[in-house]
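J.:
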Amino acid sequence: MIDIRSETLSDYTAIAEVNRLAFGQENEAKLVEKIRNSDRYISELSLVAEVENIVVGHILFSYIDLVGEETLQVLGLAPLAVHPQFQRQGIGSALIKAGLEIAEAKKEAIVIVLGHPHFYTRFGFQPSVVYEIESPFPVPEEFFMVKPLQKYQKQYKGKVVYAAAFDEV
Ligand SMILES: CC(C)(COP(=O)(O)OP(=O)(O)OC[C@H]1O[C@@H](n2cnc3c(N)ncnc32)[C@H](O)[C@@H]1OP(=O)(O)O)[C@@H](O)C(=O)NCCC(=O)NCCS
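Structure below.
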């Protein structure tokens, strides 16, 4: 059984460890800490997945800017990490779905992710170019994706600008 809930202070160490193990480096664990200490952090959208009361997965959505005619705040999904021994059991998918539900409930308009299209398209993510949204990264366009939510409107277009916390990732 997987239990998904928002993070609390006592999860911080376990979240860092899951990110370290999943990515095999420190960068993502540090990113989580930096976002947590910034005005881009949304506590209810830092979610942990627990199996038998042990944190085995984590997902973070935080605010990033979409700069077009005006600058709009949108959600960026990063990072997503599942403990290597618990991968391919549906935990990552469950975290994404839970996060998207909360984002809908918060009346957010879109979610942006840089990741593998094979994985993210199943949740309704499409290449950002479809929505005239430009990536700040020099990556093939199918890797930079957006998921429009119910509140999506056509003015959500332009170039994505990540918060300074992302600079070193
Ligand atoms: C990517 C990740 C979050 C997926 O979580 P998960 O709980 O294993 O995923 P689920 O069981 O819900 O879904 C399975 C899908 O995840 C992807 N996946 C899982 N493990 C993977 C791996 N080691 N390599 C590549 N893709 C993987 C596959 O697309 C798989 O789909 P498939 O079975 O149809 O091939 C997890 O593997 C992970 O933490 N990886 C390391 C960190 C990382 O790359 N994070 C993604 C940042 S965008």
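Under the numbering used here, read the sequence shown as residues 17 to 185, first letter to last. Beta carbons are placed, not taken as given, at the ideal position from N, Cα and C, and that holds for glycine.
1. Given 7 Å as the limit, tell me if Pro95 has its C-beta closer than that to any heavy atom belonging to ligand 1.
2. At which residues does the alpha helix (DSSP H) containing Ala181 begin and terminate?
3. Unbroken beta strand (DSSP E) runs of length 3 or more, entirely within the segment 34-68: which are they?
4. Classify Phe77: buried if its beta carbon has 16 or more other beta carbons within 10 angstroms, exposed otherwise.
5. Ordered along the chain, which non-local residues of its own chain (more than five positions away) have a Cβ less than 7 Å from that of Ser68?
6. With three or more C-beta pairs closer than 8 Å as the rule, is the segment 170-183 touching the segment 46-55?
7. What residue range is occupied by the uninterrupted beta strand (DSSP E) comprising Lys163?
T.: To lay it out plainly:
1. On the sequence shown, residue 95 is found 79 positions in, with the first residue counted as 1. Under cutoff, so the answer is yes.
2. Here residue 181 refers to the residue found at position 165 of the sequence shown. Looking at the DSSP string, Ala181 is not in any alpha helix (DSSP H), and its letter there is neither H nor E.
3. 62-67
4. To locate residue 77, count along the sequence shown from 1; it is residue 61. So Phe77 ends up on the buried side.
5. Residue mapping note: residue 68 aligns to position 52 of the sequence shown, counting from 1. Note on residue identity: the sequence assigns Glu, not Ser, to residue 68. Excluding sequence neighbours, Glu68 sits near nothing in its chain.
6. yes
7. Your numbering for residue 163 matches position 147 in the sequence shown. Here the beta strand (DSSP E) through Lys163 covers 160-164.
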